[in-house]
Amino acid sequence: MRTLDGRYRLERRIGVGGMSEVWRAHDRVLDRPVAVKLISPGADGQHGPVERIQAEARSAARLVHPNVASVHDFGTSSSALPGRQVPYIVMELAEGETLAAHLRAGPLDWRISVRVCAEVGAALAAAHANGIVHRDVKPANVMLTPSGVKVLDFGIASPAGAPDPMPEGMIVGTPAYLAPEQFDGASPTPAADMYALGVLLYYCLTGRLPYPADSTIELLGVRRRRPPDPLPEIAGLPPEVAELCHSCLAEDPARRPTSLVAALLLAEAVDARVYVPMLVPTARRPAPTSPWTEQAAMEATEAVRVADGPDRSGGR
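Spelled out as structure tokens, the structure:
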């Protein structure tokens with residue numbers, strides 16, 4: 001078995017993408033299972049700039065949230081591909097079944113669909129609060145675990161509004177989940193993630209995409225010619241959820257809801273609890289306080305004798 005930098009022993013390949021492959025590995029230092037993403041060489045045999053990949057990993061590592069698969073480490077190693085320094089990202093290993101695999105059996109019950117997407121929305125809200133855009137929200141990047149949803153692959157996340165690092169004419173992402181403005185070369189923003197969340201919700205509820213197509217080429221053509229299909233009527237589905245799905249799929253990014261609004265609305269629809277960023281109120285002019293008030297707020301904890309309470313001796 002290959003070992004990266006004497007620490008991460010690669011055990012089994014668990015995923016392959018266009019630009020990377022993911023391995024189940026063992027961290028020999030901390031004695032725990034991890035996921036290791038190896039960044040594949042480009043078509044010309046070269047990698048993207050290591051500094052950019054490291055910056056993306058650093059951005060993703062700032063995210064600490066129960067619905068996010070955390071990033072633990074970054075490095076480069078020649079042991080993965082002899083003769084070349086291969087960048088790799090070490091992530092939390094989320095054990096379970098991907099949403100993509102689960103959906104092969106057909107659409108989910110609307111309550112499960114809404115709950116799953118509420119947790120995805122909460123993960124995006126945490127990312128967006130940190131100025132990070134996921135760029136590739138899709139069923140294959142949503143893991144269903146015993147403890148809830150884990151959103152994977154924040155390793156390609158980027159700062160909101162940052163130019164796409166791909167060559168001109170190329171876009172990072174999955175065509176069916178890309179926002180319309182991304183096809184026109186716009187930089188990824190939180191609104192683009194919200195479009196992808198709308199497609200994800202539609203797919204969970206119906207078992208199909210909001211575009212009739214049998215291939216990627218046909219899909220790209222359909223998407224440029226017509227708007228998404230409206231969500232069909234689903235028995236019991238709250239109208240506010242259907243409206244949210246419609247709003248997420250709006251062509252105008254400004255009309256899409258924020259991830260925070262989506263997470264809270266979806267969670268409320270199924271009486272679920274999600275963890276979202278705390279809204280810190282704008283600082284106000286402090287009210288006048290006495291020196292004692294400020295001192296009392298900062299005093300160290302100690303045992304204090306209190307005044308004698310009521311006499312419970314019964315007069316004895």
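Residue numbers (the UniProt record's numbering): 1 to 316.
The C-beta atom is built at its ideal place from N, Cα and C for all residues, glycine as well.
Predicted model, so just to flag it, every value in this text is computed and none were measured.
Exposed unless 16 or more other CB atoms sit within 10 angstroms - verdict on ALA101:
For this step, residue 101 is matched to residue 101 along the sequence shown. So ALA101 ends up on the exposed side.
By the three-class DSSP mapping on this structure, what secondary structure does THR258 have?
Counting from 1 along the sequence shown, the entry for residue 258 is found at position 258. DSSP places THR258 in coil when its eight states are reduced to three.
Name the one or two DSSP bridge partners that ALA35 has.
What you label residue 35 is simply residue 35 of the sequence shown in a count that begins at 1. When beta bridges are read from the DSSP output, ALA35 appears opposite ARG24, MET91.
Look up GLU251 in the DSSP assignment and say whether it is helix, strand or coil.
Sequence index remark: in the sequence shown, residue 251 carries index 251 (1-based). Here GLU251 sits in coil by DSSP.
Contact check, LEU201 vs LEU209, beta carbons under 9 angstroms:
Along the sequence shown, one-based indexing puts residue 201 at 201. Along the sequence shown, one-based indexing puts residue 209 at 209. Using a Cβ distance threshold of 9 angstroms, LEU201 and LEU209 do not count as a contacting pair.
Classify ASP44 as helix, strand or coil using the three-state DSSP reduction.
For the purposes of this step, residue 44 is taken as residue 44 along the sequence shown, with counting starting at 1. Because the pLDDT at ASP44 is just 41, under 50, the model does not fix this residue reliably, and the value given afterwards should be weighed accordingly. DSSP places ASP44 outside both helix and strand once states are collapsed to three, so it counts as coil.
Please classify THR98: is it buried, with 16 or more other beta-carbons within 10 angstroms of its beta-carbon, or exposed?
Taking the first residue of the sequence shown as position 1, residue 98 is located at position 98. Its Cβ being crowded by 16 or more others within 10 Å, THR98 is buried.
Residues in its own chain within less than 8 angstroms of ALA94 by CB, not counting five upstream and five downstream?
As a first step, residue 94 is located in the sequence shown; it is residue number 94 there, counting from the start. Answer for ALA94: ALA35, ALA69, MET143, THR145, LYS150, LEU152, listed in chain order.
Beta-carbon spacing of VAL222, ALA213 below 9 angstroms
Mapped onto the sequence shown, residue 222 falls at position 222. Mapped onto the sequence shown, residue 213 falls at position 213. Going by C-beta atoms, VAL222 is nearer than 9 angstroms to ALA213.
Rounded to whole angstroms, what's the CA-CA distance from ALA25 to LEU108? Just pull it up for me.
Translated into positions along the sequence shown, residue 25 becomes position 25. Translated into positions along the sequence shown, residue 108 becomes position 108. Roughly 32 angstroms separates the two Cα atoms.
Compute the Euclidean distance between the alpha carbons of GLU51 and ALA125, then round it to the nearest angstrom.
Residue mapping note: residue 51 aligns to position 51 of the sequence shown, counting from 1. Residue mapping note: residue 125 aligns to position 125 of the sequence shown, counting from 1. C-alpha separation (whole angstroms): 26 angstroms.
In angstroms with no decimal places, state the Cα-to-Cα distance between ASP5 and SER77.
If you number the sequence shown from 1, residue 5 lands on position 5. If you number the sequence shown from 1, residue 77 lands on position 77. Rounded to the nearest angstrom, the two C-alpha atoms are 6 angstroms apart.
Going by other Cβ atoms of all chains shown within 10 Å of its Cβ, with 16 needed for buried, is THR174 buried or exposed?
Residue 174 sits at position 174 when you count from the first residue of the sequence shown. Buried.
With respect to the beta strand (DSSP E) encompassing residue 338, which residues constitute its N-terminal and C-terminal limits?
With the chain covering only 1 through 316, there is no way to say anything about residue 338.
Assuming TYR203 and LEU103 form a contact by the criterion Cβ under 8 angstroms, report the distance between their Cβ atoms to the nearest whole angstrom.
Reading the sequence shown from its first residue, position 203 is the one you call residue 203. Reading the sequence shown from its first residue, position 103 is the one you call residue 103. Right, the Cβ-Cβ distance comes to about 7 angstroms (below 8 angstroms), so this counts as a contact.
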